[in-house]
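Remarks on the structure that follows.
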Amino acid sequence: MLEINLYRASDGRSLAYHTVKAATGSKKLPGIVFLGGFRSDMTGTKAVWLEDWARRAGRDFLRFDYTGHGQSSGRFEDGCIGDWILDATRIIEALTEGPQILVGSSMGGWIALSIARDRPEKVAGLVGIAAAPDFTEDSMWAGMDDATRARLMSEGRIEVPTEYAPEPYVITRRLIEDGRDRLVLRSPLRLDCPVRLLHGTADADVAMSVPLRLMEHADCDDLRLTFLKGSDHRLSKPHELEAIRTAIDEVTAALT
């Protein structure tokens, strides 16, 4: 059974996490931190597969649950992008040594970009998996009609059906408004590390235009984008997982 540890922040939050440490005496390569998506948790296919690979490869690895996700404290509907960026920043600072390779899935890609911009000393490299920067504004808010927007602003929340869970997602006014303070595609985005982006051509949640926009917008000396034909938003099939591993290897090679 997986041993779950808890990181207790100074404000009372408890974040569930699991780590793998490279064997003593092995060549020290940058550790890997997996940043999950919106309402995902650290038991997902990509997180577990990457941890197994990291263990075999002799790499430090960290996966965790944001506040309101998985086994961490708090309610999901009380959280927002700023909270989850803070969670990621705190746990990386507390539990890792040296710059890390951040592997961000969907919303985790947005969080990884934010940390790479604001805390570049903590980031050795970045891999975006169907990265969804600014999705609260460009997907959620942009996809609402006037009546839905008015209801969200007056009532403070709406419920949105999703194929990823039996119960609808709760979208709050705070999530939307806080997201506007965290946008990364509207202001300079300098990334001082190698970046690899993976995106499926059949992704129904994040359009192919998003990684293209990110590639054009970011100021980065080593950024590559790979489209996987026919792949959807999950990117969890065996060949897709291998593509993620290859991207991590490319980032590692660029550093060493």
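Number 36 in full-length UniProt numbering belongs to position 36 of the sequence shown; there are no gaps in the numbering. Positions of the beta carbon are idealized from the N, C-alpha and C atoms, including for glycine.
_Per-residue DSSP class, three states only, for A132_ = Reduced to three states, the DSSP call for A132 is coil.
_Delimiting residues of the beta strand (DSSP E) encompassing V184_ = According to the DSSP assignment, V184 belongs to no beta strand (DSSP E), since it is labelled neither H nor E.
*If we count the other Cβ atoms within 10 Å of its Cβ and call it buried at 16 or more, is A218 buried or exposed?*
Within 10 angstroms of the beta-carbon of A218 lie 16 or more other beta-carbons, which makes it buried.
_Contact between the region 27-44 and the region 95-109 is defined here as three or more beta-carbon pairs at a separation below 8 Å; is this criterion met?_
Cβ pair count under 8 Å is three or more, so yes.
*How far does the alpha helix (DSSP H) with H217 in it reach, from first residue to last?*
Judged by DSSP secondary structure, H217 falls within the alpha helix (DSSP H) whose first and last residues are S209 to H217.
*Leaving out five residues on either side along the sequence, give the residues of the same chain with a beta carbon under 8 Å from the beta carbon of D203.*
Only A130, S231, D232 and H233 meet the Cβ criterion.
*Does the Cβ of Y164 have 16 or more other Cβ atoms within 10 Å, making it buried, or fewer, making it exposed?*
Looking at its Cβ environment, which holds fewer than 16 other Cβ atoms inside 10 Å, Y164 is exposed.
_For a test of the three-state rule: what should DSSP assign to V206, helix, strand or coil?_
Secondary structure of V206 (DSSP, three-state): coil.
_Residue of S154, E3, I158 and L62 minimising C-alpha distance to A47_ = Here the closest residue by C-alpha is L62.
*asked:* On the DSSP bridge list, what partners appear for S14?
replied: The partner list for S14 (beta bridge, DSSP) reads R8.
*Evaluate A142 with the Cβ neighbour count: other Cβ atoms within 10 Å of its Cβ, from every protein chain shown; 16 or more gives buried, anything less gives exposed.*
It counts as exposed.
*Quick one: does the C-beta of V206 sit closer than 7 Å to a heavy atom of the ligand SAH?*
This structure does not include the ligand SAH; it has no bound ligands of any sort.
*Could you name the residues of the same chain whose beta carbon sits closer than 6 Å to that of D178, not counting the 5 residues immediately before and after it, in chain order?*
Hits under 6 Å: C80, I81 and G82.
*Kindly indicate which residue of R117, L183 and P168 has the alpha-carbon position closest to the one of D138.*
Comparing Cα positions, the closest option is L183.
*Proximity winner among I158, V127, R8 and A16, relative to M140 (alpha-carbon distances)*: For the residues I158, V127, R8 and A16, the minimum Cα distance to M140 belongs to I158.
_Selected residue, minimal CA-CA separation from R39, among L86, R224, I91 and G108_ = Per the Cα distances, G108.
*Can you tell me which of the three DSSP states E159 falls into?*
Strand, per DSSP.
*With distances taken between CB atoms, is the gap from S173 to G74 smaller than 8 Å?*
Residue identity differs from the one stated: residue 173 is Arg in this sequence, not Ser. Contact check for R173 against G74 fails: the beta carbons are separated by 8 Å or more.
*For P211, I'd like the list of residues in its chain whose CB is within less than 6 Å of its CB, leaving aside the five on either flank, ordered along the chain.*
Excluding the 5 residues flanking it on each side, P211 has same chain C-beta neighbours closer than 6 Å at L197, H199 and L225, in chain order.
_Using C-beta distances below 8 Å, list every residue in its chain close to R213, excluding the 5 sequence neighbours before and after it, in chain order._
Cβ-Cβ distances below 8 Å link R213 to L185 in the same chain, with the five nearest sequence neighbours on each side left out; the list follows chain order.
*Run the CB neighbour count on residue 293, radius 10 Å, all protein chains shown included, and call it buried at 16 or more, exposed below.*
For the chain, the structure presents residues 1 to 256; residue 293 sits outside this window and is missing.
*To the nearest whole angstrom, what separates the beta carbons of Y17 and F64, a pair I think is in contact under 8 Å?*
So it is a contact: roughly 4 Å between Cβ atoms.
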